[in-house]
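Residue numbers (this note's numbering), protein chains in the order written: chain A, 21 to 626; chain B, 4 to 811.
The beta-carbon is built from N, C-alpha and C at its ideal position, and this holds for glycine as well.
Note that the coordinates shown come from a computational prediction; the quantities given were computed from them, not determined experimentally.
Structure first, then comments.
Shown next as structure tokens:
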């Protein structure tokens, strides 16, 4: 959820006081998350299906709650969230989408709040069902979801909501001597993305008990999924008061103690610098701000679907079984409501699928149009999302034209062409950027047709904000390359550039400090034949950055590098340079800006 | 924005003016035959070629422009490919799922005579009063199943050898092809859809006006049409019709619906009742453009698409093939790139791409053939618009732009395409004369004649198509227009043409007879005082002080005007007395000096730099180019040096037409490196509106950060500079390869290049030296041909030629 200042004016106040109650939970074998994502997760129990083994699929109420599309929220903002609507969407999910793997029905913010957003709490300071919205109670809703063979999800904000504090005198459920006053800081410092909670002090023994009581409540109701929102660092907050890592860890512990497998998803726009903490304690994390536009459609391209292409790559390495990069809801199901063009809807679904994001619709599932349904139910696309393997990431410069790829378990590649520009443009995937040469068989995933064999690569015209999605099966040999280290003593470093240590880097060194004139020039890069070469550049970058790339003193080409996930995290993209036969220089020049650190380059041997 | 509606009908306003203009024209002895036919008129059945004029694949002298993605509605001006038949211009987007065609007709002008001066004695310059060039209609062909996201191997190209836009793609294994061309003989734009492999087209066609017109459909002939009238009384109309040999074509509401058509031919026609005749208020009152558009579309669509195509290509080839150029071979790597990638590569690598550069030259010719035939001349954007509020109204600018547009015509075997410019001037002249007589000496006009007298005619910086002038008065504009016309005579030696323009030249001289004022100047070297004639208070175009007497630009163009007029008078044996008087004026004309302070040729009668050092205009260098009073080798060294120093100070980093003008000047100074550098500067890819060349090779000028607009002059001026680097001419003199850059030196050839004095030259070279030159007379007799320090005298009768070799 985005900060309330972005929401519709009428509910600004309401959103500001967003608060919480809680219930209980059951014990579960949630996954242990400390391991690297590419390693098999260690399960603490085999009694249940492992949680988040694959990106989860389902539906969430939030997108519909946020829109001013006519008729959706007749009783004020966020009023879409009612038992009747949840039931309706449950039925639609069961009948239309369940067979494709969609299974979670997730109730988002507001189930404990009235139409005017006033929260309700029980005598233990836990969120209490608003019976106007949910007359049958939260358990009955979950039971009904289960009766359709689906799973139920619920929502809580992080911290002790201010309205649940009760002057510090409320007893914590299932304790004799803990009160709400015993779990917060004495100065009542606030936390979460809206400052709507008191920060819980987990150095106090009673603190965990409060979380346990909330987990117990939702577990007893039968929920299988919890979205914990407003979590920091993230949610547009930083600093100690907004460091909710202990909250998330406490939730993981509390869920485990309930014995019920509850998927713990954290939100929103989590700080990537704590990615390993999120990996260790949750099953998924929202990498970005809300996808919703808070306008008269569900989303819009600019606000903020398109942000994902920039913000997702850095997270790639952190996704894997047990915990996934959550790009937020998919709202591609209905042309009118989505606020997107046909091409944008396809790109949206494509990125979410290949990035192995959870796939949960925010649409009105009773109103999916044919095209929307085809986007959401293409089995080949869903397979790309659900099959084992790493998420796709950019393999070349991330300008308007982008190529994202990942290797599939069967040795083929998932390759997506994206055009982020405002007009149609050709986009080329070079096989060399994928590490092989020669011929490859290309299958068009969206259009369900074979495009035959393509030599060296494939170029297609991609519509404005559009995409193409291919499965590419290499038939040629692996690309052979020659490596050149950035820190090589023969290279010329100028300006601020300097050699720095880097454990993940080749040779444990890289060249950094490439800013405002800092430059590293590789010398004596030798090729036999003149021509255009795709040079694979290994680098580290905490955020997306640009650098000018040139060979032999020609004009530098501004090249956009995606974030690698940290300044010690190495990744690579391939960039074109024109070389002459014999010895060449290749320079990486920060120009006027701030640039990534360069580890090494691999130059094809042709 | 379309703001012409509040404007009262122009016809009532032009009544009295018409009478006055007639009187004046008669008095001036002017007005030879005007092409009084309306621009859009019923035409005789076209001549159909007996054999296919189509070039075989791989034939043709010119690199194709090609792209791997279509243009979209929002990027038409930078990315769409232009077609035109001299009157109709269209931008073609080529999206498989939605073909978008923006159609303009050169006469789609709002505004009128604009004869109420503003408080400062200058002309209004708004879209309602002065008027603006606008679009005619948009045609859209929707084919939903061919959505771009679902097709493969898209490619579109502009084949300027044949005047043909082609796009191809594959959908579900079927190859689809579409061809778009603007036919002059059939006077329509044709879009032909075909396929190979059992495919078909299903979709709709719509015709949308751009001025809130209502489109109607006629199911009997499957046509859509619209017709309306501007507030100024100009009537216009457009029509589209479609035909298929298979499937079904019907109308539904205001759309044409086609279903399962294996082939489809869409024909677009349109125009206005504009007539280049002031006596009828620039209208043909009897013409109903909507009806005529329907008739033309209906007539054309009856023919097989191949017939229409062959008719067009035969007509187009006849003009295009008059000139060929090779500047040497490009590399395989360069050839493999699509045109946009190639432009970017050219700049990034800074390596010559001779075939791309030759293509750019020929593209200028393509635009000229497509936009300048027997109607109006090329305006600021030609007939290619993407909106109804083009910058500077898409008008005619008289202080460089319209002149530059026509510098390539005679140089590149397109002399006939020059006629539109001549006819335009002649058709406007009566009103220009009238406005000059009645308004130029308005006491509020700071540029008025201090003599209190006025005669002849002049113009303002902007002109429209109704005789109207816009923005500020531009007194020397008349001389520059005349000199541009005169150069056409120098190339063609056509006495009939001299007769046509004689009155214009004479009227301009009469104007200057009343405008020159006497001034006493001190000779710099001798210190002696002398009386000279100088131009009255004026503004060196768009630069510096606005009340300067004797600005260099005026002195130089008036001098050339006088010389040209005297020659015309002698050729025709007319007005000997007046010519003598003009000679007297010419003798006393002050000519600019070199500033002892700056070392530059002075722009004003001042040794000081009174303006911006790197100003875009080169007005004070007008006698370096297009004039040729200043000639290295012939002129005093100090004068050449002063001009060179001024040109150097103006710099190498301007934009479009300003770079082209600089390149032309450097070519005249035989500085190949600088001339070439400026050409190359204009080839920089325009990204986000920056100065340079757009994807479709249109020249883009960055009016403000992030907003670039199309200015066509550079698309003509830059090629003119490229030619000027290969050949310099003036009557009696031809110099081969005066400024051949190293990039083109290895080998190359041109055919069909015009030379002043009445010759056409074919030329080939190797290693920087002329191999062979064939000089053909098109009316010229004697000239001296020089190359590599060797000169040959040539004496030819019209139609004869001589081949020269063994130059140094």
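Name the chain B residues whose beta carbon is nearer than 8 Å to that of residue 488/A? Here the question's residue 488/A lines up with position 468 in the first chain. Going along chain B in sequence order, the residues near residue 488/A (Cβ under 8 Å) are 152.
Report the start-end ranges of each alpha helix (DSSP H) in the segment 227-306 of chain B that is 4 residues or longer and not cut off at the edges. 292-304
8 Å Cβ shell around residue 38/B - same chain, five flanking residues per side excluded: If you number the second chain from 1, residue 38/B lands on position 35. Any answer about residue 38/B is weak, because its pLDDT of 48 lies below 50 and its placement is not dependable; what the coordinates show is given next. These residues qualify, in order along the chain: 279, 377, 426, 430.
Where do the ends of the alpha helix (DSSP H) carrying residue 163/A lie? Counting from 1 along the first chain, the entry for residue 163/A is found at position 143. Per DSSP, residue 163/A belongs to the alpha helix (DSSP H) from 157-167.
DSSP state of residue 176/B mapped onto helix, strand, coil: Translated into the one-based positions of the second chain, residue 176/B becomes position 173. Coil.
Can you list the beta strand (DSSP E) stretches of 3 or more residues lying completely in the segment 706-786 of chain B, in chain order? 710-713, 730-733, 736-739, 750-758, 762-769, 772-780
Could you spell out where the alpha helix (DSSP H) holding residue 160/B opens and where it closes? Residue mapping note: residue 160/B aligns to position 157 of the second chain, counting from 1. Here residue 160/B belongs to no alpha helix (DSSP H); instead the beta strand (DSSP E) covers 155-162.
Verify the CB distance criterion: does residue 353/B have a CB-CB separation below 9 Å to chain A? Within the second chain, the letter at position 350 stands for residue 353/B. For residue 353/B, the answer is yes, since a Cβ of chain A falls inside 9 Å of its Cβ.
Which residue's Cα is closest to the Cα of residue 470/A: 406/A, 510/A, 490/A, 385/A? The sequence position of residue 470/A within the first chain is 450, counting from 1. Looking at the Cα atoms, 490/A is the closest of the given residues.
Helix, strand or coil: which one does DSSP assign to residue 337/B? Looking up residue 337/B in the second chain gives position 334. When DSSP states are grouped into helix, strand and coil, residue 337/B belongs to the helix group.
Consult DSSP for residue 492/B and reduce its assignment to one of helix, strand or coil. One-based indexing of the second chain puts residue 492/B at position 489. Of the three classes helix, strand and coil, the one that applies to residue 492/B here is helix, per DSSP.
Our contact map puts residue 421/B next to residue 460/B with C-beta atoms below 8 Å; I'd like the distance itself, whole angstroms only. Counting from one through the second chain, the residue named residue 421/B turns up at place 418. Counting from one through the second chain, the residue named residue 460/B turns up at place 457. Not a contact, Cβ separation roughly 21 Å.
Can you pull the chain B residues whose beta carbon is under 9 Å from the beta carbon of residue 362/A, in chain order? As a working note, residue 362/A is residue 342 in the first chain. Within 9 Å Cβ-Cβ: 150, 152.
What three-state label does DSSP hand residue 623/B in the structure shown? Walking along the second chain from the start, residue 623/B turns up at place 620. DSSP places residue 623/B in helix when its eight states are reduced to three.
Name the two residues that bound the continuous alpha helix (DSSP H) containing residue 535/A. What you label residue 535/A is simply residue 515 of the first chain in a count that begins at 1. Secondary structure note for residue 535/A: it is in no alpha helix (DSSP H), with a DSSP letter that is neither H nor E.
Classify residue 78/B as helix, strand or coil using the three-state DSSP reduction. Residue 78/B sits at position 75 when you count from the first residue of the second chain. In the structure shown, residue 78/B falls within a helical segment according to DSSP collapsed to helix, strand and coil.
Once you ignore the five residues that flank residue 614/A on each side, which residues in its own chain have a CB closer than 7 Å to its CB? By 1-based counting over the first chain, the position of residue 614/A is 594. Same-chain partners within the cutoff: 535, 565.
According to DSSP, is residue 366/B part of a helix, a strand, or is it coil? The sequence position of residue 366/B within the second chain is 363, counting from 1. Shown here, residue 366/B sits in a helix according to DSSP, grouped into three states.
Which residues in chain B sit within 8 Å of residue 287/A, going by Cβ to Cβ distance? Here residue 287/A refers to the residue found at position 267 when the first chain is read from its first residue. What residue 287/A touches in chain B, judged by beta-carbon distance under 8 Å, is nothing: the nearest beta carbon there is about 32 Å away.
For the 8 Å Cβ check, are there 3 or more pairs between the segment 321-333 of chain B and the segment 744-764 of chain B? yes
Which residue wins for smallest C-alpha separation from residue 292/A, given the options 213/A, 85/A, 345/A? Walking along the first chain from the start, residue 292/A turns up at place 272. When each option's Cα is compared against that of residue 292/A, the closest is 345/A.
Local conformation of residue 345/B per DSSP, three classes: The residue you call residue 345/B lines up with position 342 of the second chain. It is helical.
Measure the alpha-carbon distance for residue 199/A versus residue 272/A and round it to whole angstroms. By one-based count along the first chain, residue 199/A stands at place 179. By one-based count along the first chain, residue 272/A stands at place 252. Going by the C-alpha atoms only, they are around 22 Å apart.
C-beta neighbour in chain B for residue 471/A, strict 9 Å: Taking the first residue of the first chain as position 1, residue 471/A is located at position 451. Residue 471/A counts as touching chain B.
Within the same chain, show all residues whose beta-carbon is closer than 7 Å to that of residue 74/B, passing over the 5 residues directly before and after it, in chain order. As a first step, residue 74/B must be located in the second chain, where it is residue number 71. Listed in chain order, the non-local C-beta contacts of residue 74/B below 7 Å within the same chain comprise 82, 83, 96, 97, local neighbours out to five positions each way being set aside.
To the nearest angstrom, how far is it from the Cα of residue 296/A to the Cα of residue 337/A? Counting from one through the first chain, the residue named residue 296/A turns up at place 276. Counting from one through the first chain, the residue named residue 337/A turns up at place 317. If you take the alpha carbons of residue 296/A and residue 337/A, they lie about 10 Å apart.
Helix, strand or coil: how does DSSP classify residue 29/B here? Counting from one through the second chain, the residue named residue 29/B turns up at place 26. At residue 29/B the pLDDT is 38, less than 50, meaning the model places this residue with poor confidence and gives no usable figure here.
Identity of the residues DSSP links to residue 283/A by a beta bridge: Walking along the first chain from the start, residue 283/A turns up at place 263. DSSP, once it has assigned bridges, lists 245/A as partnering residue 283/A.
From the beta carbon of residue 71/B, is the nearest beta carbon of chain A less than 9 Å away? Working through the second chain from its first residue, we reach residue 71/B at position 68. Closer than 9 Å: yes.
Since residue 514/B is in the alpha helix (DSSP H), which residue starts that stretch and which ends it? As a working mapping, residue 514/B is identified with position 511 in the second chain. First-last of the alpha helix (DSSP H) with residue 514/B: 498-518.
Residue-level contact to chain B via CB, residue 625/A, 9 Å cutoff: Counting from one through the first chain, the residue named residue 625/A turns up at place 605. Cβ-Cβ to chain B under 9 Å: no for residue 625/A.
Does the distance from the C-beta atom of residue 387/B to that of residue 80/B stay below 9 Å? In the second chain, the residue the question calls residue 387/B occupies position 384. In the second chain, the residue the question calls residue 80/B occupies position 77. Yes, the Cβ-Cβ distance between residue 387/B and residue 80/B is below 9 Å.
Inter-residue Cα distance where the pair is residue 418/A and residue 769/B: Counted from its first residue, the first chain places residue 418/A at position 398. Counted from its first residue, the second chain places residue 769/B at position 766. For residue 418/A and residue 769/B, the gap between their C-alpha atoms comes out near 45 Å.
Alpha carbon to alpha carbon, how far is residue 839/B from residue 628/B? This structure cannot settle anything about residue 839/B, because the visible part of chain B is limited to 4 through 811.
Range covered by the alpha helix (DSSP H) that runs through residue 266/A: Here the question's residue 266/A lines up with position 246 in the first chain. Unbroken alpha helix (DSSP H) run through residue 266/A: 265-277.
Nearest-angstrom beta carbon gap, residue 327/A and residue 308/A [assumed within contact, 8 Å]: As a first step, residue 308/A is located in the first chain; it is residue number 288 there, counting from the start. As a first step, residue 327/A is located in the first chain; it is residue number 307 there, counting from the start. About 6 Å separates the beta carbon of residue 308/A from that of residue 327/A, a gap short enough to meet the 8 Å contact definition.
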